[in-house]
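*Asks:*
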Amino acid sequence: MYFTYILRCSDDTLYTGITTDLDRRIKQHNGEIIGGAKYTLSRKPVFLYYFEEFENRSQATKRELEIKKMSRVEKLNLNK
């Protein structure tokens, strides 16, 4: 199972990514365990804002790219 997710950072920016383990990945982004992204390094803490589940990496990556092309308002509206 793969997840495409959006994080809301402490500076109110949004970060989109994919993972197989949401809990582990959020801990990485928050610096609790090794492996977070450079973008979130200075924007901690981050919070899970939205996610979708997919059967394979290809589907999750496709959706990640779609979300990254969205405006901020469109991304925020996903969680309604």
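Per this note's numbering, the sequence shown starts with residue 11, numbered consecutively.
Glycine included, each C-beta is placed from N, C-alpha and C at the ideal position.
Considering only the beta carbon of each residue, do ARG82 and LEU24 sit closer than 8 angstroms?
*Replies:* Residue 82 sits at position 72 when you count from the first residue of the sequence shown. Residue 24 sits at position 14 when you count from the first residue of the sequence shown. Cβ distance < 8 angstroms, so ARG82 and LEU24 count as in contact.
*Asks:* How many angstroms separate the CA atom of LEU51 from the CA atom of ILE43?
*Replies:* If you number the sequence shown from 1, residue 51 lands on position 41. If you number the sequence shown from 1, residue 43 lands on position 33. Between LEU51 and ILE43, the C-alpha separation is close to 12 angstroms.
*Asks:* Could you check if PHE57 is buried or exposed, using at least 16 other CB atoms within 10 Å of its CB as the buried criterion?
*Replies:* As a working note, residue 57 is residue 47 in the sequence shown. PHE57 is exposed by the Cβ-count criterion.
*Asks:* Can you check which of these residues, PHE61, SER68, THR71, ARG73, is closest to TYR15 by C-alpha distance?
*Replies:* Position 5 of the sequence shown, counted from the first residue, corresponds to residue 15. Of PHE61, SER68, THR71, ARG73, the residue nearest in Cα terms is PHE61.
*Asks:* Comparing C-alpha positions only, which one of GLY46, GLU84, THR30, PHE13 sits nearest to CYS19?
*Replies:* In the sequence shown, the residue the question calls residue 19 occupies position 9. Closest by alpha carbon: GLY46.
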